[in-house]
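Student: Residue numbers (the numbering used here), protein chains in the order written: chain H, 263 to 687; chain U, 263 to 687.
Protein chains: 2
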Amino acid sequence: MRIVTMEQYSLENKQGNGFQQNDFELDKTVLGIIETVREQGDQALKEYTEKFDGVSLEDLIVTPEEFEQAQKQMTEEFRTGLQKAKERITAFHEEQKEKSWFIQQEKGILLGQQVTPLDSVGIYVPGGKAAYPSTVLMNAIPAKIAGVGRIAMVTPPQKDGTVNPHVLVAAQEAGVDVVYKIGGAQAIAALAYGTETVQKVMKITGPGNAFVARAKKWVFGDVAIDMIAGPSEICVVADDSAAPEFVAADLLSQAEHDERATAICVTTSSVFAEALQQEVAAQIEQADRKLIIEQSITDNGRIILVDTLEEAFQFVNELAPEHLQLMVDNPMEQLPFIRNAGAIFLGNYSPEALGDYMAGPNHTLPTSGTAAFSSPLGVYDFMKRSSIIHYTELALQDVANDIITIANAEGLTAHAYSIQVRKAD
Amino acid sequence: MRIVTMEQYSLENKQGNGFQQNDFELDKTVLGIIETVREQGDQALKEYTEKFDGVSLEDLIVTPEEFEQAQKQMTEEFRTGLQKAKERITAFHEEQKEKSWFIQQEKGILLGQQVTPLDSVGIYVPGGKAAYPSTVLMNAIPAKIAGVGRIAMVTPPQKDGTVNPHVLVAAQEAGVDVVYKIGGAQAIAALAYGTETVQKVMKITGPGNAFVARAKKWVFGDVAIDMIAGPSEICVVADDSAAPEFVAADLLSQAEHDERATAICVTTSSVFAEALQQEVAAQIEQADRKLIIEQSITDNGRIILVDTLEEAFQFVNELAPEHLQLMVDNPMEQLPFIRNAGAIFLGNYSPEALGDYMAGPNHTLPTSGTAAFSSPLGVYDFMKRSSIIHYTELALQDVANDIITIANAEGLTAHAYSIQVRKAD
Chain H
263 MRIVTMEQYS LENKQGNGFQ QNDFELDKTV LGIIETVREQ GDQALKEYTE KFDGVSLEDL
323 IVTPEEFEQA QKQMTEEFRT GLQKAKERIT AFHEEQKEKS WFIQQEKGIL LGQQVTPLDS
383 VGIYVPGGKA AYPSTVLMNA IPAKIAGVGR IAMVTPPQKD GTVNPHVLVA AQEAGVDVVY
443 KIGGAQAIAA LAYGTETVQK VMKITGPGNA FVARAKKWVF GDVAIDMIAG PSEICVVADD
503 SAAPEFVAAD LLSQAEHDER ATAICVTTSS VFAEALQQEV AAQIEQADRK LIIEQSITDN
563 GRIILVDTLE EAFQFVNELA PEHLQLMVDN PMEQLPFIRN AGAIFLGNYS PEALGDYMAG
623 PNHTLPTSGT AAFSSPLGVY DFMKRSSIIH YTELALQDVA NDIITIANAE GLTAHAYSIQ
683 VRKAD
Chain U
263 MRIVTMEQYS LENKQGNGFQ QNDFELDKTV LGIIETVREQ GDQALKEYTE KFDGVSLEDL
323 IVTPEEFEQA QKQMTEEFRT GLQKAKERIT AFHEEQKEKS WFIQQEKGIL LGQQVTPLDS
383 VGIYVPGGKA AYPSTVLMNA IPAKIAGVGR IAMVTPPQKD GTVNPHVLVA AQEAGVDVVY
443 KIGGAQAIAA LAYGTETVQK VMKITGPGNA FVARAKKWVF GDVAIDMIAG PSEICVVADD
503 SAAPEFVAAD LLSQAEHDER ATAICVTTSS VFAEALQQEV AAQIEQADRK LIIEQSITDN
563 GRIILVDTLE EAFQFVNELA PEHLQLMVDN PMEQLPFIRN AGAIFLGNYS PEALGDYMAG
623 PNHTLPTSGT AAFSSPLGVY DFMKRSSIIH YTELALQDVA NDIITIANAE GLTAHAYSIQ
683 VRKAD
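(1) Out of U/HIS519, U/LYS406, U/GLU349, point me to the one whose CA is closest to U/GLY640's CA.
(2) Using a Cβ-Cβ distance under 8 Å, would U/GLU672 count as near chain H?
(3) Go through its chain and collect everything with a Cβ distance to U/GLN539's Cβ below 7 Å, but skip five positions before and after it.
(4) Excluding the 5 residues preceding and the 5 following U/MET268 in the sequence, name in chain order all residues of the same chain whose CB lies nearer than 7 Å to its CB.
(5) Please say whether H/SER680 and U/SER637 have beta carbons closer to each other than 8 Å?
(6) With DSSP as the reference, identify every bridge partner of H/PRO379, one or two as the case may be.
(7) Just the C-alpha distance for U/ASN279 and U/ALA505, rounded to the nearest angstrom, thanks.
(8) Count the other C-beta atoms from every protein chain shown that fall within 10 angstroms of the C-beta of U/ASP381, then say buried if there are 16 or more, exposed otherwise.
(9) Name the two residues that bound the continuous beta strand (DSSP E) containing H/LEU597.
(10) Figure out for me which residue from U/VAL463, U/ALA517, U/GLU521, U/TYR642 has the closest Cα to the Cα of H/GLY631.
(11) Can you give the Cα-Cα distance for U/VAL542 and H/VAL683, rounded to whole angstroms?
(12) Output, in sequence order along the chain, the residues in the segment 441-473 of chain H whose CB is closer than 8 Å to any CB in chain A.
(13) Quick check: is the beta carbon of H/ILE668 nearer than 8 Å to any beta carbon in chain U?
(14) Using C-beta distances below 7 Å, list every residue in its chain close to H/VAL474, excluding the 5 sequence neighbours before and after it, in chain order.
(15) Between H/ALA537 and chain U, is the shortest Cβ-Cβ distance under 8 Å, so that the two count as touching?
(16) What whole-angstrom Cβ distance do H/ASP484 and H/THR467 have, given they're in contact under 8 Å?
(17) If I follow the unbroken beta strand (DSSP E) through U/THR524, where does it start and stop?
(18) Going straight from the alpha carbon of H/GLN587 to that of H/VAL499, what length do you get?
(19) In angstroms, rounded to a whole number, what distance separates the CA positions of U/LEU322 and U/HIS428?
(20) Which full runs of the alpha helix (DSSP H) of 4+ residues lie inside the segment 284-369 of chain U, going along the chain?
(21) Could you tell me which uninterrupted alpha helix (DSSP H) segments, each at least 4 residues in length, are contained entirely in the segment 564-645 of chain U, listed from first to last along the chain?
(22) Cβ closer than 8 Å: which chain H residues qualify as neighbours of U/PHE340?
(23) Using only alpha-carbon positions, find the residue among H/LEU571, H/VAL317, H/HIS585 that is nearest to H/ALA525.
(24) Quick one, which of H/LYS465, H/ARG647, H/LEU656 has its alpha-carbon nearest H/THR378's?
(25) For U/GLY470, which residues in the same chain have their Cβ closer than 7 Å to its Cβ, ignoring the five residues on either side in sequence?
(26) In this structure, does DSSP put U/TYR386 in helix, strand or coil?
(27) For U/THR654, which option in H/LEU616, H/VAL661, H/THR337 has the closest C-alpha, if you only look at C-alpha atoms?
(28) Going along the segment 483-510 of chain U in order, which residues come within less than 7 Å of chain H, judged by CB to CB distance?
(29) Establish whether the CB of U/PRO623 and some CB of chain H are separated by less than 8 Å.
(30) Just checking: is the beta-carbon of U/GLN331 within a distance shorter than 8 Å of some beta-carbon in chain H?
(31) Among U/PRO593, U/GLY563, U/ILE555, which residue has its Cα nearest to the Cα of U/LEU571?
(32) Cβ atoms of H/PHE607 and H/PRO404: under 8 Å apart, would you say?
(33) Going along the chain, which residues of its own chain have a beta-carbon closer than 6 Å to the beta-carbon of U/ASP502, five neighbours each way excluded?
(34) Hey, could you find the ends of the alpha helix (DSSP H) H/VAL398 is sitting in?
(35) Within the same chain, show all residues whose beta-carbon is closer than 6 Å to that of U/GLU495, passing over the 5 residues directly before and after it, in chain order.
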């Protein structure tokens, strides 16, 4: 893992503008799939499942027997871990629940904001080797707390027609109402527009491959979606108080996700930088996912030496990392200097993996610098607001002429008339 | 305006699935514009402005002299109206400002949510005849309250190279930092990716034509955007307590926006329905924008007769209208039955036009049924959240084995190791 100065880093990484690539071929394929599902419904879903997942399914819905079977395959340890994770995720997300509110103004005016849950939501959960029960919890629990009426889940079936048992158990634990064995763009189309078997939902959340991400972008507007995820990143700000073996392990835990993942440590200490460099090299040798990690660290992993923490924080705010670890003296005092980051982990005993599974806050975080303008997935993503306006006759008279003036200035005379007709004689 | 039963209405309006039309030709044009602006910057902006707006500009930024000129053209009435509107919009939106929060858990655990403003935002304001100063206030004031550092505005210039003076005065009043004379997809591209003159922003909000809407959809992900707006609608639920001349005026005020606008009244009273029908016919004759209104009412305007308010509310929740007026006895008591609506206006003296300009809540509302899954524009659109996680060594020990179990179940062994390395001996 190379040690560089901030200048060197900036030269190497001239900020691109935007991570999205336009790929008309991909878009055509994805739109073709969406249109076919809209036209042919279940039939299309089954054909795509045969084509892409290599399995012919009679029934798209996971049965109670399949859930039972999955439960039987769990170890006691996994069950306990999942239960603990659920409790802690629930405790944190309960705090996010927004309340409706009202204010009163002069002459009987009442204004407010009514907060209500979405009627339904669909969660995409990737299948195959990357089957993450934690993703199920992180998406379904906030929806449940919001009060969503119907939580559907889609996930591609394995070649034998089953779904990963850990994922099924997590779905049951988190209160998912129905699980469909569908993946890819076809699953997104089914959730957005409905088929004979799949009921349309109001919002689609959850991670997926390029097909899924692109399909979500296309249906966005007809349904709501969460963020479009790009490659993810961790940035550790460290001083001499940080333990090199901890920081190395955290960088590697990010790097093992994906060759495109970014793991960066910014430090004010050259002694620490060198210790970290050695530790990273040593730990890579021991890692199971060594090839992915090596590639990711070589391409995107850097130790950046800076003179001051101020400089480090400026870098962080420009990077807007998904995960930020502040492994410095009194990290809590540095919090006000951080503007852009998905999740901020403080101190030596708050590694990213703690947040991925157990601490409580959501692990679905804005990636690729989008933390500069978006938030972690939360209960607020599964609720919406309606404005409430109540004016009395008396209150309206006070503003009637002003509204008429502005409406006329905009050329909207029927707007003006709707006030005029209510004016007292 | 035709009076129909709910059955007849349902037959005529078999719910389409999704309002977005895929139009590859439009998309290609829009993407071409975006790419050209990314490559050629200001030069491209000037060329497109010449091509689309018919004016050759030296300078893209509105000068202090132009603001001064605009101020001079204002009437005292308009200035007063704008000032009042600003005060009321500010008062309501102040209530939306979210606070950071922290919770403590056992053994020194500290979790939280830090709320911070976006660094910058860009507001699109349509030009030409449809120049709406109210749009400026409704977009800029919440951004200002959120604490956004830099508020930019783009709006297409008129043929003489100037910007509508009402819009400029509203921009100054609302605290916009810079106004660019650019419109269309090229303005969205400039805001999303930056040029020599235009600084990139983090989020783009505001209404626009098909080019603008499509460009926003394409840059979404690289920057944040507000909702993609479709045709708008009003739904009035009325009983015998409603005044037909008021309801007619409100329906027409929506219809004058656009031939595609929808104005519907659902009523339990056939006496009221007939009185409303007559009143609508009479008011159309007097309206300035008669042709637009007539078209809109003929195509999409209906009076729907129902037996019960319950039936009416079921319809409302399926329609998820942008504007809902409850003109029934004790409207406040009916509020709990409304799940899906952008803004809810209560009683005879709370017409939509009051909300468009003056009441305080935002007039940028989810259209075309998207109120089922999204919210009015608000201060929350200009802020983002970061999760805060602080565990102590002691607290981490309690959950270390559980995290290791789940991480291993997911095959992410470097995640497991980052916990393992922190376990007490």
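For glycine and all other residues, C-beta sits at the position ideal for the given N, C-alpha and C.
Since the structure is predicted, the reported quantities are computational estimates derived from the model, not experimental observations.
Tutor: Straight from the coordinates:
(1) Working through the second sequence from its first residue, we reach residue 640 of chain U at position 378. It is U/LYS406.
(2) Residue mapping note: residue 672 of chain U aligns to position 410 of the second sequence, counting from 1. Answer yes: the Cβ-Cβ gap between U/GLU672 and chain H drops below 8 Å somewhere.
(3) The residue given as residue 539 of chain U occupies position 277 in the second sequence. Cβ neighbours of U/GLN539 beyond the five flanking positions: MET263, ILE265, ILE565.
(4) Numbered from its first residue, the second sequence carries residue 268 of chain U at position 6. Only residues of its own chain outside the window of five on either side were considered, and among them ILE566, VAL568, GLU573, PHE577 have a CB closer than 7 Å to the CB of U/MET268, listed in chain order.
(5) Reading the second sequence from its first residue, position 375 is the one you call residue 637 of chain U. Reading the first sequence from its first residue, position 418 is the one you call residue 680 of chain H. Not closer than 8 Å, so no.
(6) If you number the first sequence from 1, residue 379 of chain H lands on position 117. Its beta-bridge partners are H/MET645.
(7) Position 17 of the second sequence, counted from the first residue, corresponds to residue 279 of chain U. Position 243 of the second sequence, counted from the first residue, corresponds to residue 505 of chain U. Any reading at U/ASN279 must be qualified, since the residue scores a pLDDT of 47, below 50, and its modelled position is unreliable; no value is offered.
(8) Counted from its first residue, the second sequence places residue 381 of chain U at position 119. Classification of U/ASP381: buried, given that the 10 Å Cβ count is 16 or more.
(9) As a first step, residue 597 of chain H must be located in the first sequence, where it is residue number 335. Secondary structure note for H/LEU597: it is in no beta strand (DSSP E), with a DSSP letter that is neither H nor E.
(10) Translated into positions along the first sequence, residue 631 of chain H becomes position 369. Distances from the CA of H/GLY631 to each of U/VAL463, U/ALA517, U/GLU521, U/TYR642 were compared; the closest alpha carbon is that of U/VAL463.
(11) Counting from one through the second sequence, the residue named residue 542 of chain U turns up at place 280. Counting from one through the first sequence, the residue named residue 683 of chain H turns up at place 421. In a straight line, the C-alpha of U/VAL542 is about 13 Å away from that of H/VAL683.
(12) No chain A appears in this structure, whose protein chains are H and U.
(13) As a working note, residue 668 of chain H is residue 406 in the first sequence. Any Cβ of chain U closer than 8 Å to the Cβ of H/ILE668 would place that residue at the interface, and such an atom is present.
(14) Within the first sequence, numbered from 1, the residue matching residue 474 of chain H stands at position 212. Closer than 7 Å at the Cβ level, and outside the excluded window around H/VAL474, lie TYR386, GLY446, ALA447, ILE450.
(15) Position 275 of the first sequence holds residue 537 of chain H. Under the 8 Å criterion on CB atoms, H/ALA537 is classed as non-interfacial with respect to chain U.
(16) The residue you call residue 484 of chain H lines up with position 222 of the first sequence. The residue you call residue 467 of chain H lines up with position 205 of the first sequence. That pair is no contact at about 15 Å.
(17) Along the second sequence, read from residue 1 onward, the residue named residue 524 of chain U stands at position 262. Run containing U/THR524: 524-529, per the beta strand (DSSP E) assignment.
(18) Locating residue 587 of chain H in the first sequence gives position 325, where the first residue counts as 1. Locating residue 499 of chain H in the first sequence gives position 237, where the first residue counts as 1. If you take the alpha carbons of H/GLN587 and H/VAL499, they lie about 6 Å apart.
(19) Mapped onto the second sequence, residue 322 of chain U falls at position 60. Mapped onto the second sequence, residue 428 of chain U falls at position 166. Spanning the alpha carbons of U/LEU322 and U/HIS428 requires a straight line of approximately 19 Å.
(20) Entirely contained in the segment 284-369 of chain U, the alpha helix (DSSP H) runs reaching 4 residues are, in chain order, 286-302, 304-310, 326-334, 338-356.
(21) Taking 4 residues as the minimum length, the alpha helix (DSSP H) runs contained wholly in the segment 564-645 of chain U are 571-581, 593-596, 614-619, in order along the chain.
(22) Here residue 340 of chain U refers to the residue found at position 78 when the second sequence is read from its first residue. Simply THR667, ILE668, ALA671.
(23) Against the first sequence, residue 525 of chain H aligns to sequence position 263. For the options H/LEU571, H/VAL317, H/HIS585, the alpha carbon positioned closest to that of H/ALA525 is the one of H/HIS585.
(24) Start at 1 with the first residue of the first sequence, and residue 378 of chain H comes out as number 116. Check the Cα spacing between H/THR378 and each of H/LYS465, H/ARG647, H/LEU656: the tightest is with H/ARG647.
(25) The residue given as residue 470 of chain U occupies position 208 in the second sequence. For U/GLY470, same chain residues with a beta-carbon under 7 Å away, outside a window of 5 residues either side, are TYR386, PRO388 in chain order.
(26) Indexing the second sequence from 1 puts residue 386 of chain U at position 124. Look at U/TYR386 here: in three-state DSSP terms it is strand.
(27) Within the second sequence, residue 654 of chain U is the residue found at index 392, counting from 1. Ranked by Cα distance from U/THR654, the options H/LEU616, H/VAL661, H/THR337 are led by H/LEU616.
(28) Result list: GLY483, ASP484, VAL485, ALA486, ILE490, GLU507, PHE508.
(29) Residue numbering aside, residue 623 of chain U sits at position 361 when the second sequence is read from its first letter. Answer yes: the Cβ-Cβ gap between U/PRO623 and chain H drops below 8 Å somewhere.
(30) One-based indexing of the second sequence puts residue 331 of chain U at position 69. Closer than 8 Å to the CB of U/GLN331 there is not a single CB belonging to chain H.
(31) Locating residue 571 of chain U in the second sequence gives position 309, where the first residue counts as 1. Considering only alpha carbons, the answer is U/PRO593.
(32) On the first sequence, residue 404 of chain H is found 142 positions in, with the first residue counted as 1. On the first sequence, residue 607 of chain H is found 345 positions in, with the first residue counted as 1. Going by beta carbons, H/PRO404 and H/PHE607 fall outside the 8 Å limit.
(33) Here residue 502 of chain U is taken as the residue at index 240 of the second sequence, counted from 1. These residues qualify, in order along the chain: SER531, PHE534.
(34) By 1-based counting over the first sequence, the position of residue 398 of chain H is 136. Start and end: 395-408.
(35) In the second sequence, the residue the question calls residue 495 of chain U occupies position 233. Counting only residues of its own chain and dropping the five nearest sequence neighbours on each side, U/GLU495 has a CB closer than 6 Å to the CB of THR524, PRO583, GLU584.
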